[in-house]
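Novice: The sequence shown: position 104 = 299 (the numbering used here), numbered continuously. Even for Gly, the Cβ is constructed at its ideal location relative to N, Cα and C. Sharing a structure here in structure tokens format.
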Amino acid sequence: MRRLYMLLLVVLAIPAAMALAQPRAGETILAGCRQGACVWMRVARVEPVTRVAQGALVRIVARRGVSLHPDGDIPRRPDRAGIEWDAETSEAYAFCSTRRPAYAFWEEGEEGLIVHFLDFFDLGGYQYSSAGMYMRLCHGRTNLPSAAALRRLGYRPGTRSEQVENGSQETMTRF
Numbered sequence: 196m197r198r199l200y201m202l203l204l205v206v207l208a209i210p211a212a213m214a215l216a217q218p219r220a221g222e223t224i225l226a227g228c229r230q231g232a233c234v235w236m237r238v239a240r241v242e243p244v245t246r247v248a249q250g251a252l253v254r255i256v257a258r259r260g261v262s263l264h265p266d267g268d269i270p271r272r273p274d275r276a277g278i279e280w281d282a283e284t285s286e287a288y289a290f291c292s293t294r295r296p297a298y299a300f301w302e303e304g305e306e307g308l309i310v311h312f313l314d315f316f317d318l319g320g321y322q323y324s325s326a327g328m329y330m331r332l333c334h335g336r337t338n339l340p341s342a343a344a345l346r347r348l349g350y351r352p353g354t355r356s357e358q359v360e361n362g363s364q365e366t367m368t369r370f
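Below is the structure:
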């Protein structure tokens with residue numbers, strides 16, 4: 196009975212955390228930078244997709260853009276970044292789960308989603324942007340929290356950490 200009560204508390208807490216985290220339509224956010232290139236997102240909408248016992252899947256629909264900063268000087272305001280916007284919107288997903296956090300996105304030339312399973316205590320360089328977007332969508336945080344803060348949020352070291360190509364929403368939520 197106690198286990199069921201704890202599971203119910205977690206499931207009920209997920210929508211509340213997501214409500215705090217949702218970027219607003221029209222907002223332009225910095226998704227991340229790597230090797231002098233920054234990815235930006237102009238948010239169209241953020242919406243829940245599904246909920247399972249282990250977490251909740253959230254979709255962000257946004258127009259992606261890229262700005263180049265070989266000198267490493269990244270403008271704080273998007274209107275000063277020289278962003279080249281994609282013509283169409285795209286979707287990305289966060290699986291808000293302390294047991295198996297994940298972020299997934301479409302990449303040109305790929306048939307399915309690129310899924311990043313995230314161990315926040317041991318991130319690979321390629322995972323930092325995904326981890327940042329996950330924290331924004333699932334917890335309303337614009338920066339990655341400290342190890343102590345991660346533990347307070349319920350995360351533990353040693354969760355699955357890898358990239359899966361040609362994935363799907365089910366890849367993220369299936370246990």
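With distances taken between CB atoms, is the gap from residue 173 to residue 367 smaller than 8 Å?
Specialist: Here the chain has residues from 196 to 370 only, and residue 173 is not among them.
Novice: Does the separation of the CB atoms of residue 254 and residue 286 fall below 8 Å?
Specialist: Result yes, Cβ atoms of residue 254 and residue 286 sit closer than 8 Å.
Novice: Residue 289: which of 251, 369, 349 and 324 sits nearest, CA to CA?
Specialist: Residue 289 has its Cα closest to that of 251, out of 251, 369, 349 and 324.
Novice: Return yes when the Cβ of residue 327 is within less than 8 Å of the Cβ of residue 384, no when it is not.
Specialist: The structure shown does not extend to residue 384, since the chain is modelled only from 196 through 370, so no value can be given for it.
Novice: Output the distance between the C-alpha atoms of residue 239 and residue 259, rounded to the nearest integer angstrom.
Specialist: So the alpha carbons of these two residues sit roughly 11 Å apart.
Novice: Starting from the C-beta of residue 361, find all residues in its chain whose C-beta is less than 7 Å away, skip the five residues before and the five after it, and write them out in chain order.
Specialist: 305, 306 and 307.
Novice: Counting C-beta neighbours from all protein chains within 10 Å, is the total for residue 314 16 or more, i.e. buried, or is it exposed?
Specialist: Residue 314 is buried by the Cβ-count criterion.
Novice: Would you kindly work out how many angstroms separate the C-alpha atoms of residue 291 and residue 351, rounded to a whole number?
Specialist: Distance between the alpha carbons of residue 291 and residue 351: 14 Å.
Novice: Taking the alpha-carbon positions, what's the residue 318 to residue 356 distance?
Specialist: Each residue's Cα considered, the two are about 8 Å apart.
Novice: Cα separation between residue 247 and residue 364?
Specialist: One C-alpha to the other measures close to 12 Å.
Novice: Given residue 345, which residues of its chain have a CB within under 6 Å of its CB, disregarding the five upstream and five downstream residues?
Specialist: These residues qualify, in order along the chain: 315.
Novice: Nearest to residue 275 by CA position, among 225, 309, 302 and 249, is which residue?
Specialist: The shortest Cα separation from residue 275 among 225, 309, 302 and 249 belongs to 225.
Novice: Per DSSP, residue 302 is paired with what?
Specialist: Paired residue(s): none; residue 302 is not in a bridge.
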